[in-house]
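The block underneath contains the structure these notes are about, expressed in C-alpha cells.
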C-alpha cells in the first residue's frame, strides 16, 4: 500500500503537464552577441561555451522544469514497478461507473489557471510555489492522489465500483486500471490504499 511519501511522488507526477507548459512558456534564446576572447578571435569551443552560459543564464526556470519532468518520468517507472503483477487475487465487479472526469476536474481546477501566470517576478514565483505546496497537502490529506491527469495521459482509467468476493462486498471503491471495466467482469486486483484498487481484467 502507498504511504504519504509515495502520495507526494504521485502529486509531483500529476504536475508533469504543468511543468511542460511552463517550460514552453518560459524557454528563450539568449539575446546576446558573442564577443572576442582576450582581444583575439574566439575558437569554436569558446563560442559554444559563451552561448551555453548565456542560454543557461536566461533559462533557469525552463531547466528546473526539465529536471522536474525527468523526476516525473522516474516516478512513473516507480509507479509501474509498484503495480507489477497487479496481484493474483480475484474479485468480481458487481457494478461500475466511469470516473475519468476526476482527471479533468484536477486539470481544470489546479493546472489550467497557471497558464495565465507570469514567471518573471521572484515574489510571484514564491507565491506559486506556496500555492502548489498547499494544493499538494490537500491532495494527500483528502487521499485524491489517483485524480491524476498525467496517469490519464499514460492510459490509466478511473472507476467507482462495488466489488465482491467470498469474503464479502466492497462498496464504492475506486478502481485504477489500464483496461476497460464492465459489470460482472472478473478481475485480478492489488490494494493500493484504503478503498483504492489497481485491477486488471482476466484474459480468457
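Residue numbers (this note's numbering): 360 to 563. Note that the Cβ used here is the ideal one computed from N, Cα and C, for glycine as well.
- When the alpha-carbon of residue 443 is set against those of 548, 555 and 552, the nearest one is in 548.
- With a 10 Å radius around the Cβ and a threshold of 16 neighbouring Cβ atoms, residue 462 comes out buried.
- By the C-beta criterion, the segment 537 to 551 is judged not to be in contact with the segment 478 to 492, since fewer than 3 inter-stretch pairs fall below 8 Å.
- Burial check for residue 556: the Cβ neighbour count within 10 Å reaches 16 or more, so the residue is buried.
- Ranked by how close their Cα comes to the Cα of residue 527, the residues 502, 518, 452 and 469 have 452 in first place.
- Residue 454 is positioned such that its CB atom lies no closer than 8 Å to that of residue 507.
- If you ignore the 5 residues before and after residue 498, its C-beta comes within less than 7 Å of the C-beta of 370 and 504, all in its own chain and listed in chain order.
- In this structure, the beta-carbon distance from residue 517 to residue 535 falls below 8 Å.
- Rounded to the nearest angstrom, the gap between the Cα atoms of residue 407 and residue 425 is 21 Å.
- Residue burial is scored here from C-beta neighbours: residue 368 has at least 16 other C-beta atoms within 10 angstroms and is therefore classed as buried.
- Taken in chain order, the whole beta strand (DSSP E) runs of length 3 or more contained in the segment 489 to 552 are 516 to 524, 527 to 536 and 545 to 552.
- Nearest to residue 362 by alpha-carbon distance, out of 550, 384 and 486, is 550.
- Considering only 432, 465, 510 and 519, the residue with the shortest C-alpha distance to residue 456 is 519.
- Burial is judged here by how many other beta carbons sit within 10 angstroms of a residue's own beta carbon; residue 561 has fewer than 16 and is exposed.
- Just so you know, the alpha carbons of residue 380 and residue 474 end up roughly 8 Å apart.
- If you draw a straight line from the Cα of residue 515 to the Cα of residue 422, it comes to about 28 Å.
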